[in-house]
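Asker: Those sequence lines, one after another, are chains A and B. So in the UniProt record's numbering, spot 302 of the first sequence is number 302, and the numbers just go up one at a time. So in the UniProt record's numbering, spot 110 of the second sequence is number 110, and the numbers just go up one at a time.
Number of protein chains: 2
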Amino acid sequence: MGQFLASELESLGAEVQQRPLGKQPGKEHLDLPPVIIARYGNDKSKRTILVYGHYDVQPALVEDGWATKPFELTIDDKGRMYGRGSTDDKGPVLGWLNAIEAHQKAGVDFPVNLLCCFEGMEEYGSEGLDDFINAEAKKFFKDADAVCISDNYWLGTEKPCLTYGLRGCNYYSVEIKGPGQDLHSGVFGGTAQEPMTDLMTILSKLVSTDGKILIPGINEMVAPLTEEEKKLYGPIAYTMDNLYESLGSETSIFNDKEKTLMARWRYPSLSIHGVEGAFSAPGAKTVIPAKVIGKFSIRTVPNMESSAVNEAVFKYIRSEFAKLNSKNSLDVYCQHDGKWWVASPSHWNFSAAAKAVKEVFGVEPDMTREGGSIPVTITFEQATGKNVLLLPMGSSTDAAHSINEKLDRRNYIEGTKLLGAYLHYVAEEPMTAS
Amino acid sequence: MGQFLASELESLGAEVQQRPLGKQPGKEHLDLPPVIIARYGNDKSKRTILVYGHYDVQPALVEDGWATKPFELTIDDKGRMYGRGSTDDKGPVLGWLNAIEAHQKAGVDFPVNLLCCFEGMEEYGSEGLDDFINAEAKKFFKDADAVCISDNYWLGTEKPCLTYGLRGCNYYSVEIKGPGQDLHSGVFGGTAQEPMTDLMTILSKLVSTDGKILIPGINEMVAPLTEEEKKLYGPIAYTMDNLYESLGSETSIFNDKEKTLMARWRYPSLSIHGVEGAFSAPGAKTVIPAKVIGKFSIRTVPNMESSAVNEAVFKYIRSEFAKLNSKNSLDVYCQHDGKWWVASPSHWNFSAAAKAVKEVFGVEPDMTREGGSIPVTITFEQATGKNVLLLPMGSSTDAAHSINEKLDRRNYIEGTKLLGAYLHYVAEEPMTAS
């Protein structure tokens, strides 16, 4: 996929490099996929915009419940383009390439110098990318005047948004093991302490049905809600019906818009993703798994520091496990973490994008934060010292990370126009702050 | 596998039938695998012994952690024959065939008429077999004087046993669902009630680390331990080291032999097997699963009635779920159940087997019960009205249902002799009771 992307960029006339990132930590036989970096245009009189995207995707199996083959693009009669990566993040990456191609075909001068940074490990914590960006900030990326990332989603389905904040994500594994190998529950049930029993107890003590995180110290780290911030939530174009539509159900925690948006943007959350090592197929298998690994993650917000979150998680889980007096053994560790991020939405980078939204869609964008994490955002901000804008293409119903991921044709075509228009306004915008 | 078995039996001169069992309930596009029934010998002056085995096996994937390919027999330098089904139950089934072949090659008259019933759905609750046995009890199986099943294991690794009791097994699914599809935990974490959160709470309330079943009413159904029964456990050739060796660890619930054997044979146990529908692969996937199915089973003992156990389980789980005040929905059901069984070990069927053990191994067998369930045992007893004997071939370290399942060459060869010797003693044994 990286090679395909590199060759597409080359055929558009960009200067392209495939940059290796070394081996995957802990899997020294595996090369990390290369970062594809490119420069299109080298005119000192123009602004230079650095854009980021990723060409890797979440796992997908037909057996997960996809209605179509996840790795074949399938377009239905409503213009919904189904396929893994359609909205996250192959569609937006192609949007940048389309914008270049459209200028060439229309014979219009490209308004900026474009720097591209497209990676292949975003869905696994952008392994290796931070060091690369830090190393290239004063080299390949040194001319960048601002950064633009198209890798998130509108709040609803009709109105575009500009995003100035993201939650972080700390992903944990809780590993409990005992027997030397999986056991037959008939032969050993009642005589062996079962790792799965202990794991269920630990995982049950992390979060309540209503989303309250039960780990002491976590909620205390959250920045208090000010009256000023509270006022921001009223005008946002969002309804509970928007949430119900994207959930596919009415099983929400809150019944009003403002609490829902705050829970998504400015409060932490904890989700239990699954168990590795236990029986997970359909049917009935009477196994006692010897080693099970529970997976959960915490979405983090200002002012939660990753190391303090880890410390609270490890301490709590070890203490809850100790209460069980189990002969099994416990290991708990952070698989990867990514910090939360909040930017200044009054920067010229944002003003330009707002004008582009108005031009293409005829409306003022919502100014939003996001519940998901794009850890690279903060890396770019810190490494380049420049403003970072999140300019989404897809809508809230795109089902990123789920089965039947899609991108609407309208979002793809108008979104491509939006990226192009943004580059034109960016070229014209007066300098406000770096 | 069924066809292979039928053709092997035919080539030995048995009269063989492959009998269809209809469709798999709930999966009407799937034929159940056939039952292979056979008659070898039809001499009215001889006793007729009905033997049962199964040619299906537990699931097995190299990725589960097998050291060899699970479906290729691999023999190491200690004579351990590795492969899925080697001990459960293909090895013992072949033992019966070997016994016939050995008589033919040695020119020795076969001492009994042999009836065979070999099924292909044992690992999925012997789907369809009960009706078949009940229907054939007075037809194909009508001449049977006793029944012998070789589908369990020695208590340790040196001394054979005869088994006169089994636990039953009720296998449950707890299904919790909410959203219309899997969700991205960044986008929806904190705003949606998560089925996995609810499921962890439910599964954590079933059993303690020390194996105590927490479902009210279950423990009260267990037949009290009498002084007489208690005395049976002392002489059994079994040590904690035997347990630790087969566990591959010292993570036992009890520290003494008698409590361990009682927990395995005469008390119920509850094991949590896994979760279907959640993330189960290695790595990190930030998904909120929309529908998750927890799987657990209860090993049952006298006097637990399956319907009463189901009632207690359903009532408790529904009541615990109601306490959560969740908007998600719950379904709990029994996937399959099999009753416990206890037989009379003073019957001539057992005396003959004890003499065979003495002949082949030079020792008196342990008289044991088993923790696992072989539901067909009770079906044969009830349908034929005859004594049923469990005569195991494999040892306690065979890892049935686990990775690296094996059968020792000694157990296979001496075990084949044991099955043959048993048939000779059965032919000579005075009639004691039907």
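Note that CB positions come from ideal geometry on N, CA and C, so glycine has one too. No experiment lies behind these values; they were computed from the predicted model shown.
Where residue 282 (chain B) and residue 340 (chain A) are concerned, what is the direct C-alpha to C-alpha distance, given to the nearest angstrom?
Answerer: Walking along the second sequence from the start, residue 282 (chain B) turns up at place 282. Walking along the first sequence from the start, residue 340 (chain A) turns up at place 340. Answer to the nearest angstrom: the Cα atoms are 25 Å apart.
Asker: So residue 15 (chain A) is in the alpha helix (DSSP H); what residue range does that whole segment cover?
Answerer: Position 15 of the first sequence holds residue 15 (chain A). Segment 15 to 19 is the beta strand (DSSP E) holding residue 15 (chain A); no alpha helix (DSSP H) there.
Asker: Compute the distance between the beta-carbons of residue 268 (chain A) and residue 213 (chain A), then report whether it is under 8 Å.
Answerer: Locating residue 268 (chain A) in the first sequence gives position 268, where the first residue counts as 1. Locating residue 213 (chain A) in the first sequence gives position 213, where the first residue counts as 1. For residue 268 (chain A) and residue 213 (chain A), yes; Cβs fall inside 8 Å.
Asker: At which residue ranges does the stretch 69 to 104 of chain B contain complete beta strand (DSSP E) runs of 3 or more residues, listed in the order of the chain?
Answerer: Qualifying beta strand (DSSP E) stretches, in chain order: 80 to 82.
Asker: Quick check: what's the CA-CA separation for residue 250 (chain B) versus residue 216 (chain A)?
Answerer: The sequence position of residue 250 (chain B) within the second sequence is 250, counting from 1. The sequence position of residue 216 (chain A) within the first sequence is 216, counting from 1. Cα to Cα, the separation comes out at about 33 Å.
Asker: Bridge partners of residue 341 (chain A), per DSSP?
Answerer: Position 341 of the first sequence, counted from the start, is the residue given in the question as residue 341 (chain A). In DSSP, residue 341 (chain A) forms a bridge with A:166.
Asker: Residues in its own chain within less than 7 Å of residue 351 (chain A) by CB, not counting five upstream and five downstream?
Answerer: Indexing the first sequence from 1 puts residue 351 (chain A) at position 351. The residues are 429.
Asker: Does the beta-carbon of residue 266 (chain B) have 16 or more other beta-carbons within 10 angstroms, so that it is buried, or is it exposed?
Answerer: Within the second sequence, residue 266 (chain B) is the residue found at index 266, counting from 1. Buried: at least 16 other Cβ atoms inside 10 Å.
Asker: Three-state secondary structure (DSSP) at residue 317 (chain B)?
Answerer: For the purposes of this step, residue 317 (chain B) is identified with residue 317 of the second sequence, where counting begins at 1. Residue 317 (chain B) falls in the helix class under three-state DSSP.
Asker: Starting from residue 295 (chain B), follow the beta strand (DSSP E) in both directions and report where the run begins and ends.
Answerer: Taking the second sequence and counting its residues from 1, the one referred to as residue 295 (chain B) is at position 295. Element bounds for residue 295 (chain B): 291 to 300.
Asker: Can you look up residue 3 (chain A) in the DSSP assignment and give me helix, strand or coil?
Answerer: Within the first sequence, residue 3 (chain A) is the residue found at index 3, counting from 1. The answer is helix: DSSP assigns residue 3 (chain A) an H, G or I state.
Asker: Please list the partners that residue 167 (chain B) has in chain A, where partner means a Cβ-to-Cβ separation under 7 Å.
Answerer: Working through the second sequence from its first residue, we reach residue 167 (chain B) at position 167. Result: 186.
Asker: Does the separation of the CB atoms of residue 166 (chain B) and residue 369 (chain B) fall below 8 Å?
Answerer: On the second sequence, position 166 is the one that residue 166 (chain B) refers to. On the second sequence, position 369 is the one that residue 369 (chain B) refers to. It is a contact, given that the beta carbons lie within the stated cut-off.
Asker: Compare the C-alpha of residue 232 (chain B) against each of B:401, B:366, B:393 and B:46 and name the closest.
Answerer: Position 232 of the second sequence, counted from the first residue, corresponds to residue 232 (chain B). Ranking the options by Cα distance to residue 232 (chain B), first place goes to B:366.
Asker: Does the distance from the C-beta atom of residue 245 (chain B) to that of residue 87 (chain B) stay below 8 Å?
Answerer: By one-based count along the second sequence, residue 245 (chain B) stands at place 245. By one-based count along the second sequence, residue 87 (chain B) stands at place 87. No, these two residues do not count as a Cβ contact at 8 Å.
Asker: How should residue 196 (chain A) be labelled, buried or exposed, when 16 other C-beta atoms within 10 angstroms of its C-beta is the threshold for buried?
Answerer: On the first sequence, position 196 is the one that residue 196 (chain A) refers to. Classification for residue 196 (chain A): buried.
Asker: Between the Cα of residue 333 (chain A) and the Cα atoms of A:16, A:431, A:310 and A:377, which residue gives the shortest distance?
Answerer: Mapped onto the first sequence, residue 333 (chain A) falls at position 333. Comparing Cα-Cα distances from residue 333 (chain A) to each of A:16, A:431, A:310 and A:377, the minimum goes to A:310.
Asker: Straight-line CA distance for residue 423 (chain A) to residue 130 (chain A)?
Answerer: Counting from 1 along the first sequence, the entry for residue 423 (chain A) is found at position 423. Counting from 1 along the first sequence, the entry for residue 130 (chain A) is found at position 130. The straight-line gap from Cα to Cα measures roughly 26 Å.
Asker: Are three or more beta carbon pairs between the stretch 34 to 46 of chain A and the stretch 5 to 24 of chain A nearer than 8 Å?
Answerer: The stretch 34 to 46 of chain A is in contact with the stretch 5 to 24 of chain A.
Asker: Drop a sphere of 10 angstroms on the beta-carbon of residue 4 (chain A), count the other beta-carbons inside from all chains shown, and report buried for 16 or more, exposed for fewer.
Answerer: Reading the first sequence from its first residue, position 4 is the one you call residue 4 (chain A). Exposed, since its Cβ has fewer than 16 Cβ neighbours within 10 Å.
Asker: Would the beta-carbon of residue 286 (chain B) fall within 8 Å of that of residue 169 (chain A)?
Answerer: Taking the first residue of the second sequence as 1, we reach residue 286 (chain B) at position 286. Taking the first residue of the first sequence as 1, we reach residue 169 (chain A) at position 169. Contact flag set, yes.
Asker: Quick one: is residue 237 (chain A) near chain B, going by C-beta distance under 8 Å?
Answerer: What you label residue 237 (chain A) is simply residue 237 of the first sequence in a count that begins at 1. Answer no: the Cβ-Cβ gap between residue 237 (chain A) and chain B never drops below 8 Å.
Asker: Report buried or exposed for residue 140 (chain B), applying the criterion of at least 16 other Cβ atoms within 10 angstroms of its Cβ.
Answerer: Reading the second sequence from its first residue, position 140 is the one you call residue 140 (chain B). Classification of residue 140 (chain B): buried, given that the 10 Å Cβ count is 16 or more.
Asker: Between the Cα of residue 60 (chain A) and the Cα atoms of A:51, A:77 and A:82, which residue gives the shortest distance?
Answerer: Translated into the one-based positions of the first sequence, residue 60 (chain A) becomes position 60. Among A:51, A:77 and A:82, the Cα nearest to that of residue 60 (chain A) is on A:82.
Asker: Going along chain B, which residues have a C-beta under 9 Å from residue 149 (chain A)?
Answerer: Counting from 1 along the first sequence, the entry for residue 149 (chain A) is found at position 149. Within chain B, no residue comes near residue 149 (chain A); the closest Cβ sits about 14 Å away, beyond 9 Å.
Asker: Excluding the five sequence neighbours on either side, which residues of its own chain have a C-beta within less than 7 Å of the C-beta of residue 257 (chain B), listed in chain order?
Answerer: Looking up residue 257 (chain B) in the second sequence gives position 257. Taken in chain order, the residues that qualify are 238, 239 and 240.
Asker: Grouping DSSP H, G and I as helix and E and B as strand, with all else coil, what is residue 23 (chain B)?
Answerer: Indexing the second sequence from 1 puts residue 23 (chain B) at position 23. Residue state, collapsed to three classes: strand.
Asker: Could you pull out every unbroken beta strand (DSSP E) segment of at least 3 residues lying fully inside the UniProt domain "Peptidase M20 dimerisation" (172 to 322) of chain A, listed in chain order?
Answerer: Listed in chain order, the complete beta strand (DSSP E) runs (minimum 3 residues) inside the UniProt domain "Peptidase M20 dimerisation" (172 to 322) of chain A are 269 to 276 and 291 to 300.
Asker: Within 10 Å of its beta-carbon, does residue 301 (chain A) have 16 or more other beta-carbons around it, so buried, or fewer, so exposed?
Answerer: Numbered from 1 along the first sequence, position 301 holds the residue referred to as residue 301 (chain A). Classification for residue 301 (chain A): buried.
Asker: Can you tell me whether residue 434 (chain B) is buried or exposed? The criterion is at least 16 other CB atoms within 10 Å of its CB, across all chains shown.
Answerer: Position 434 of the second sequence, counting from 1, holds the residue named residue 434 (chain B). Annotation note: pLDDT 49 at residue 434 (chain B) (below 50); position unreliable, no value reported.
Asker: Give a yes or no on whether the C-beta atoms belonging to residue 371 (chain A) and residue 190 (chain B) are separated by under 8 Å.
Answerer: For the purposes of this step, residue 371 (chain A) is taken as the residue at position 371 of the first sequence. For the purposes of this step, residue 190 (chain B) is taken as the residue at position 190 of the second sequence. Contact: yes.
Asker: Between which two residues does the alpha helix (DSSP H) holding residue 424 (chain B) run?
Answerer: Start at 1 with the first residue of the second sequence, and residue 424 (chain B) comes out as number 424. Start and end: 409 to 428.
Asker: Out of curiosity, what's the CA-to-CA distance linking residue 211 (chain B) and residue 400 (chain B)?
Answerer: Taking the second sequence and counting its residues from 1, the one referred to as residue 211 (chain B) is at position 211. Taking the second sequence and counting its residues from 1, the one referred to as residue 400 (chain B) is at position 400. Near 21 Å, if we compare the C-alpha coordinates of residue 400 (chain B) and residue 211 (chain B).
Asker: State the Cα-Cα distance for the pair residue 104 (chain B) and residue 111 (chain B), rounded to the nearest angstrom.
Answerer: Residue numbering aside, residue 104 (chain B) sits at position 104 when the second sequence is read from its first letter. Residue numbering aside, residue 111 (chain B) sits at position 111 when the second sequence is read from its first letter. Those two C-alpha atoms are separated by around 12 Å.
Asker: Please list the partners that residue 254 (chain A) has in chain B, where partner means a Cβ-to-Cβ separation under 8 Å.
Answerer: Counting from one through the first sequence, the residue named residue 254 (chain A) turns up at place 254. Those within 8 Å of residue 254 (chain A) in chain B are 191.
Asker: What does DSSP give as the partner residue(s) for residue 133 (chain B) in the beta ladder?
Answerer: Within the second sequence, the letter at position 133 stands for residue 133 (chain B). Bridge partners of residue 133 (chain B): none, in fact.
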